[in-house]
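*Asks:*
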Amino acid sequence: MKELARIDEERAGANWRRAWAAYTDRRVLQVLALGFSSGLPLLLTYSTLSAWLATHGVRRAAIGTFALVGIPYSFKFLWSPLIDRVPPPVPLGRRRGWGITIQVLLIGAVIALGLSDPKHNLPRMAVLAVVVAFLSASQDIVIDAWRVESLTRDQQAPGAAMVQSGYRIGMLAAGAGALFIAAYAGWFAAYATMAALLGVGLLVFLFGPEPEVPAETSYHAPSIWSAIWHAFSKAVIAPFGDFMRRPLWPVILIAIFLYKMGEAMAGVMSTPLYISLGFTLPEIATASKIFGFFSIVAGALIGGVVTTRFGIRTSLILCGVLQSIGNLFFVLQAVGGHRIGYLALCVTAENLTGAMAGTALITYLSSLCSPAFTATQFALLSSLASLSRTVVASSGGVLSEKIGWAQFFLLTSIVGLPSLLLFFWIGPRDDSLNGRPRPALTGTDDRSEEPIPAPKL
3 MKELARIDEE RAGANWRRAW AAYTDRRVLQ VLALGFSSGL PLLLTYSTLS AWLATHGVRR
63 AAIGTFALVG IPYSFKFLWS PLIDRVPPPV PLGRRRGWGI TIQVLLIGAV IALGLSDPKH
123 NLPRMAVLAV VVAFLSASQD IVIDAWRVES LTRDQQAPGA AMVQSGYRIG MLAAGAGALF
183 IAAYAGWFAA YATMAALLGV GLLVFLFGPE PEVPAETSYH APSIWSAIWH AFSKAVIAPF
243 GDFMRRPLWP VILIAIFLYK MGEAMAGVMS TPLYISLGFT LPEIATASKI FGFFSIVAGA
303 LIGGVVTTRF GIRTSLILCG VLQSIGNLFF VLQAVGGHRI GYLALCVTAE NLTGAMAGTA
363 LITYLSSLCS PAFTATQFAL LSSLASLSRT VVASSGGVLS EKIGWAQFFL LTSIVGLPSL
423 LLFFWIGPRD DSLNGRPRPA LTGTDDRSEE PIPAPKL
């Protein structure tokens with residue numbers, strides 16, 4: 003018995019070391035840079051934009067309504083088939099070509115938004131914010147497809163952790179970094195700096211490899227209409243039909259929608275809460291820089307290791323519970339008032355638990371994608387995850403005005419709990435083989451576009 007216990011202990015230690023070692027792979031590190039570029043534009047149309055509007059005296063209800071500019075994130079699956087199938091303007095491969103094209107346009111849109119003035123052209127700001135969100139959502143389509151297609155099955159959880167780490171670091175730069183720059187050099191300087199930082203992802207697409215995807219079987223159409231129908235079916239109908247062959251697929255979509263709702267509602271109103279309590283922009287930025295950075299990276303990496311070690315379902319539930327607990331620190335802040343210590347706790351708890359839950363969710367979404375339809379299917383699933391951030395979270399301003407800060411953030415801590423019950427029901431089993439989690443990805447084999455029967459949930 004002692005010998006068996008020793009073997010199990012050595013095997014467990016080897017599994018933990020293997021999980022951490024995956025982060026040193028070259029392509030996993032490239033995902034970190036792409037995640038950084040993915041996270042930058044979000045806050046420029048979200049909490050950083052909310053802070054900009056709040057400092058210019060825009061009403062809280064109007065600030066909450068501005069969350070609607072993020073609608074493109076929720077409906078990016080509508081144009082993802084084009085990015086999945088249409089040749090890009092830049093002939094450097096399907097993923098790299100579209101990535102370079104979109105990022106160049108996004109840099110220009112961010113600069114244009116930074117040139118706006120909330121006092122005189124608020125409608126123009128809203129339009130430009132929508133443009134930034136649209137291009138950012140399009141960028142996410144390409145980045146997610148590149149990540150899923152470039153990494154092996156064993157690398158998906160570390161890749162999800164890295165994209166989440168880069169994403170959160172990008173959000174930190176666009177949040178704390180932009181607030182620091184705005185406080186001392188103005189809002190245009192802040193947005194122009196963020197536009198320059200988008201070049202990090204551009205370098206990956208310029209010099210990184212194009213993912214290898216299964217070759218498509220040639221199709222000889224008897225007529226032009228047959229060719230058009232075949233293209234439409236392949237690009238639009240097939241990805242959705244492939245996903246809907248999964249058992250309980252409507253329940254899967256509902257669980258994904260609910261999982262990040264509480265964090266989304268809290269996130270859009272967190273900066274207005276801090277400002278209403280008397281915190282200055284440098285104070286908010288300092289807390290985010292010191293405590294946010296380390297908690298973001300730690301949360302994402304821990305989430306990746308936990309997901310690799312214990313499986314997707316256990317990680318979704320565990321990290322989801324921690325995410326809900328993290329939102330309770332906003333209640334402490336609202337009741338405690340202007341206290342730097344509470345601000346540090348809020349920032350740390352929000353970023354640590356949010357990053358852990360985000361990594362678990364990204365790994366789950368990646369596991370649902372078929373290699374033949376990566377961009378379209380991941381866009382559909384991630385759109386559902388972001389739908390709560392845009393449509394539902396946009397009511398955060400009005401709701402917080404009516405019920406108060408403490409009650410509002412208490413509500414955000416419980417709205418996502420039903421998703422945990424759904425994941426407990428439908429989530430993939432966390433069975434282990436020889437001490438290692440069973441491969442998470444399902445849908446199609448790596449070597450063929452022929453679908454594999456989805457496992458029973």
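Under my numbering, the sequence shown has 191 at position 189, and the numbering climbs by one with no breaks. Here a beta-carbon is modelled for each residue, glycine too, at the ideal position from N, C-alpha and C. A quick note: this is a predicted structure, and the numbers were derived from the prediction, not measured.
1) Less than 9 angstroms between the beta carbons of Ala351 and Ser297, yes or no?
2) Which complete alpha helix (DSSP H) runs does the region 30-108 hold, if anything under 4 residues is left out?
3) Terminal residues of the continuous alpha helix (DSSP H) containing Ile171?
4) To the nearest angstrom, how far is it from the Cα of Val150 to the Cα of Gly338?
5) Anyone know if the C-beta pair for Pro211 and Pro83 falls short of 9 angstroms?
6) Throw me the rounded Cβ distance for the Ala197 and Val112 pair, which I believe falls under 8 angstroms.
7) Distance check for Gly161 and Met271, CA to CA, integer angstroms please.
8) In terms of alpha-carbon separation, which member of Leu419, Cys371 and Leu124 lies closest to Leu324?
9) According to the neighbour-count rule (16 or more other Cβ atoms, all chains shown, within 10 Å of its Cβ), is Pro455 buried or exposed?
10) So does the region 373-391 actually touch the region 326-344, counting three or more Cβ pairs closer than 8 angstroms?
11) Assuming Thr378 and Asp86 are in contact, meaning their beta carbons sit under 8 angstroms apart, how far apart are those beta carbons, in whole angstroms?
12) Are the beta-carbon atoms belonging to Ala64 and Gly399 less than 9 angstroms from one another?
13) Under the assumption that Gln166 contacts Gly305 (Cβ atoms under 8 angstroms), give the Cβ distance between them as a whole number of angstroms.
14) Are the Cβ atoms of Gly429 and Ile319 separated by less than 9 angstroms?
15) Report the residue from Cys371, Ser40, Leu382 and Ser421 whose alpha carbon sits nearest the alpha carbon of Met164.
16) Which two residues bound the contiguous alpha helix (DSSP H) that contains Asn353?
17) Classify Asp142 as helix, strand or coil using the three-state DSSP reduction.
18) When the distance is taken between beta carbons, is Ala178 closer than 9 angstroms to Thr288?
19) Apart from the five residues just before and just after Tyr344, which ones in its own chain have a Cβ nearer than 7 angstroms to its Cβ?
20) Just to confirm, is the Cβ distance from Thr47 to Ser138 under 9 angstroms?
21) With 16 other CB atoms within 10 Å as the buried threshold, where does Lys78 fall?
22) When the Cα atoms are used, what is the spatial distance from Leu255 to Phe410?
23) Would Tyr169 be called buried (16 or more neighbouring beta carbons within 10 Å of its own) or exposed?
24) Give me the residue from Trp427, Phe380, Val417 and Leu423 with the minimum Cα distance to Ser76.
25) Report back the beta-carbon spacing between Gly322 and Tyr261 to the nearest angstrom; my notes put them in contact at under 8 angstroms.
26) Assign Met263 to buried or exposed, taking buried as 16 or more other Cβ atoms, counted over all protein chains shown, within 10 Å of its Cβ.
27) Who are the Cβ neighbours of Ala217 in its own chain at under 6 angstroms, not counting the five residues just before and after it?
28) In its own chain, which residues sit with a C-beta less than 6 angstroms from the C-beta of Pro43, not counting the 5 before and 5 after it?
29) Is the closest heavy atom of the ligand GTP to the C-beta of Gly294 under 8 angstroms?
30) By the three-class DSSP mapping on this structure, what secondary structure does Asn123 have?
31) Between Ala184 and Leu283, is the Cβ-Cβ spacing less than 9 angstroms?
32) Cutting at 6 angstroms between CB atoms, please list the residues of its own chain near Ser152, excluding the five before and the five after it.
33) Measuring alpha carbon to alpha carbon, tell me which of Leu383, Gln157 and Lys404 ends up nearest Tyr25.
34) So for Gly294, helix, strand or coil by DSSP?
*Replies:* Result, derived from the coordinates:
1) Along the sequence shown, one-based indexing puts residue 351 at 349. Along the sequence shown, one-based indexing puts residue 297 at 295. Contact: yes.
2) 49-57, 62-67, 73-76 and 82-87
3) On the sequence shown, position 169 is the one that residue 171 refers to. Gln158 to Leu174 is the span of the alpha helix (DSSP H), which, as asked, contains Ile171.
4) Within the sequence shown, numbered from 1, the residue matching residue 150 stands at position 148. Within the sequence shown, numbered from 1, the residue matching residue 338 stands at position 336. Looking at the two C-alpha atoms, the distance is approximately 43 angstroms.
5) Counted from its first residue, the sequence shown places residue 211 at position 209. Counted from its first residue, the sequence shown places residue 83 at position 81. Not a contact, by the Cβ cut-off of 9 angstroms.
6) Reading the sequence shown from its first residue, position 195 is the one you call residue 197. Reading the sequence shown from its first residue, position 110 is the one you call residue 112. About 4 angstroms separates the two Cβ atoms, so the contact holds.
7) Stepping through the sequence shown from its first residue, residue 271 is reached at position 269. Stepping through the sequence shown from its first residue, residue 161 is reached at position 159. Computed Cα separation, rounded: 30 angstroms.
8) One-based indexing of the sequence shown puts residue 324 at position 322. Among Leu419, Cys371 and Leu124, the Cα nearest to that of Leu324 is on Leu419.
9) Taking the sequence shown and counting its residues from 1, the one referred to as residue 455 is at position 453. Note that Pro455 has pLDDT 31, beneath the 50 cutoff, so the model's placement of it is unreliable and the number below is only indicative. Looking at its Cβ environment, which holds fewer than 16 other Cβ atoms inside 10 Å, Pro455 is exposed.
10) no
11) If you number the sequence shown from 1, residue 378 lands on position 376. If you number the sequence shown from 1, residue 86 lands on position 84. With a contact defined as Cβ atoms closer than 8 angstroms, Thr378 and Asp86 qualify at about 5 angstroms.
12) One-based indexing of the sequence shown puts residue 64 at position 62. One-based indexing of the sequence shown puts residue 399 at position 397. Cβ atoms of Ala64 and Gly399: closer than 9 angstroms.
13) Walking along the sequence shown from the start, residue 166 turns up at place 164. Walking along the sequence shown from the start, residue 305 turns up at place 303. Contact holds; Cβ gap of about 7 angstroms.
14) Mapped onto the sequence shown, residue 429 falls at position 427. Mapped onto the sequence shown, residue 319 falls at position 317. Yes, Cβ-Cβ distance for Gly429 and Ile319 is below 9 angstroms.
15) Taking the first residue of the sequence shown as 1, we reach residue 164 at position 162. Of the candidates Cys371, Ser40, Leu382 and Ser421, the one whose C-alpha sits nearest the C-alpha of Met164 is Ser40.
16) Locating residue 353 in the sequence shown gives position 351, counting from the first residue. Run containing Asn353: Ile342 to Ser369, per the alpha helix (DSSP H) assignment.
17) Looking up residue 142 in the sequence shown gives position 140. Asp142 falls in the helix class under three-state DSSP.
18) Translated into the one-based positions of the sequence shown, residue 288 becomes position 286. Translated into the one-based positions of the sequence shown, residue 178 becomes position 176. Yes, Cβ-Cβ distance for Thr288 and Ala178 is below 9 angstroms.
19) Indexing the sequence shown from 1 puts residue 344 at position 342. Around Tyr344: Leu334, Gln335 and Gly338.
20) Position 45 of the sequence shown, counted from the start, is the residue given in the question as residue 47. Position 136 of the sequence shown, counted from the start, is the residue given in the question as residue 138. Cβ atoms of Thr47 and Ser138: closer than 9 angstroms.
21) Position 76 of the sequence shown, counted from the start, is the residue given in the question as residue 78. Buried.
22) In the sequence shown, counting from the first residue as 1, residue 255 sits at position 253. In the sequence shown, counting from the first residue as 1, residue 410 sits at position 408. Spanning the two alpha carbons is a distance of roughly 25 angstroms.
23) Start at 1 with the first residue of the sequence shown, and residue 169 comes out as number 167. Looking at its Cβ environment, which holds 16 or more other Cβ atoms inside 10 Å, Tyr169 is buried.
24) Against the sequence shown, residue 76 aligns to sequence position 74. Measuring from the Cα of Ser76, the nearest candidate turns out to be Phe380.
25) Translated into the one-based positions of the sequence shown, residue 322 becomes position 320. Translated into the one-based positions of the sequence shown, residue 261 becomes position 259. Correct: roughly 6 angstroms between the Cβ atoms.
26) By 1-based counting over the sequence shown, the position of residue 263 is 261. Buried, since its Cβ has 16 or more Cβ neighbours within 10 Å.
27) Position 215 of the sequence shown, counted from the start, is the residue given in the question as residue 217. Note that Ala217 has pLDDT 48, beneath the 50 cutoff, so the model's placement of it is unreliable and the number below is only indicative. Closer than 6 angstroms at the Cβ level, and outside the excluded window around Ala217, lies no residue.
28) Taking the sequence shown and counting its residues from 1, the one referred to as residue 43 is at position 41. The beta carbon of Pro43 sits closer than 6 angstroms to those of Val134 and Ser138, all from its chain and outside the five residues before and after it, given in chain order.
29) You won't find the ligand GTP in this model; it holds no ligand whatsoever.
30) Looking up residue 123 in the sequence shown gives position 121. Asn123 falls in the coil class under three-state DSSP.
31) To locate residue 184, count along the sequence shown from 1; it is residue 182. To locate residue 283, count along the sequence shown from 1; it is residue 281. It is a contact, given that the beta carbons lie within the stated cut-off.
32) Taking the sequence shown and counting its residues from 1, one reaches residue 152 at position 150. Arg29 and Pro213, listed in sequence order.
33) Position 23 of the sequence shown, counting from 1, holds the residue named residue 25. Per the Cα distances, Gln157.
34) Here residue 294 corresponds to residue number 292 of the sequence shown, with the count starting at 1. Note: Gly294 maps to helix in three-state DSSP.
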